[in-house]
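Visitor: Residue numbering for the sequence shown follows my numbering, beginning at 6 and increasing consecutively.
Shown below is the structure under consideration.
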Amino acid sequence: MPQYYLKFLDGAPNVRRYVALTPLYDGTTLNSTSEIIDRLTTEIPGLGNVADGLCASCTQFFHDSDFMKKLNEGGAAVPGIEYTTVMTKYDQLVTPYTSGHLDSPDATNIVLQDVCTRDFAEHVAVAFDPNVGQMVLNALDPANAEPVQCLPGTE
Numbered sequence: 006m007p008q009y010y011l012k013f014l015d016g017a018p019n020v021r022r023y024v025a026l027t028p029l030y031d032g033t034t035l036n037s038t039s040e041i042i043d044r045l046t047t048e049i050p051g052l053g054n055v056a057d058g059l060c061a062s063c064t065q066f067f068h069d070s071d072f073m074k075k076l077n078e079g080g081a082a083v084p085g086i087e088y089t090t091v092m093t094k095y096d097q098l099v100t101p102y103t104s105g106h107l108d109s110p111d112a113t114n115i116v117l118q119d120v121c122t123r124d125f126a127e128h129v130a131v132a133f134d135p136n137v138g139q140m141v142l143n144a145l146d147p148a149n150a151e152p153v154q155c156l157p158g159t160e
């Protein structure tokens, strides 16, 4: 979690621009799976230990987890850093996808489908999407930004 580095490991002085692809500033519900897991681990003793054995950190990405609460204390954004977030309406891991919206005057929030309406890239595919690649380059080097030319079929 880059936010943890920025806020708790004194990383902020080393970062001027931060580009986040499909971030989860407000945690995830995994399409309500988090609520089901919380309920099951409460009702079935020991189930939480099994879940932690499979993926100890996974439940900490849920919306109401202790980790997400700590990460967002005082706001998710760190002053002095220019943020760009790229979200996709087809994200199946960060749900709702708007969890990636960063409420800060130093943040530019981009929903991929608002730029390229027929780009159906989901959570993982965003990292390999040429349309998103141009958005990343523009965010990191705004002086030389170029328009995103949506690939044929994604415009």
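Ideal Cβ placement from N, Cα and C applies to all residues, glycine included.
When the distance is taken between beta carbons, is L26 closer than 8 Å to Q132?
Guide: Walking along the sequence shown from the start, residue 132 turns up at place 127. Walking along the sequence shown from the start, residue 26 turns up at place 21. The amino acid at residue 132 is misidentified as Gln; the sequence shows Ala. It is a contact, given that the beta carbons lie within the stated cut-off.
Visitor: Which residue from V141, Y10, G80 and F125 puts its Cα closest to that of S109?
Guide: Counting from 1 along the sequence shown, the entry for residue 109 is found at position 104. Comparing Cα-Cα distances from S109 to each of V141, Y10, G80 and F125, the minimum goes to G80.
Visitor: Secondary structure at T100, three-state DSSP: helix, strand or coil?
Guide: The residue given as residue 100 occupies position 95 in the sequence shown. Residue state, collapsed to three classes: coil.
Visitor: Out of V24, A130 and E151, which one is the CA nearest neighbour of K94?
Guide: Reading the sequence shown from its first residue, position 89 is the one you call residue 94. That would be A130, whose Cα lies nearest to the Cα of K94.
Visitor: Does the count of Cβ pairs from the stretch 130-150 and the stretch 67-79 closer than 8 Å reach three?
Guide: no
Visitor: Ignore the nearest five residues each way along the sequence and tell me which others in P28's own chain have a CB closer than 6 Å to its CB.
Guide: Here the question's residue 28 lines up with position 23 in the sequence shown. So the list reads T90 and G105, once near-sequence residues are dropped.
Visitor: Considering only DSSP beta bridges, list what T89 is partnered with.
Guide: Residue mapping note: residue 89 aligns to position 84 of the sequence shown, counting from 1. T89 is bridged to V24 and T113.
Visitor: Leaving out the 5 sequence neighbours to the left and right, which residues in its chain are closer than 6 Å to L98 when beta-carbon positions are compared?
Guide: Taking the first residue of the sequence shown as position 1, residue 98 is located at position 93. Within the same chain, L98 has close Cβ partners H128.
Visitor: Return the CA-CA distance between A151 and L117, expressed in angstroms with no decimal places.
Guide: Residue 151 sits at position 146 when you count from the first residue of the sequence shown. Residue 117 sits at position 112 when you count from the first residue of the sequence shown. It is Glu, not Ala, that sits at residue 151 in the sequence shown. Their Cα atoms are separated by approximately 16 Å.
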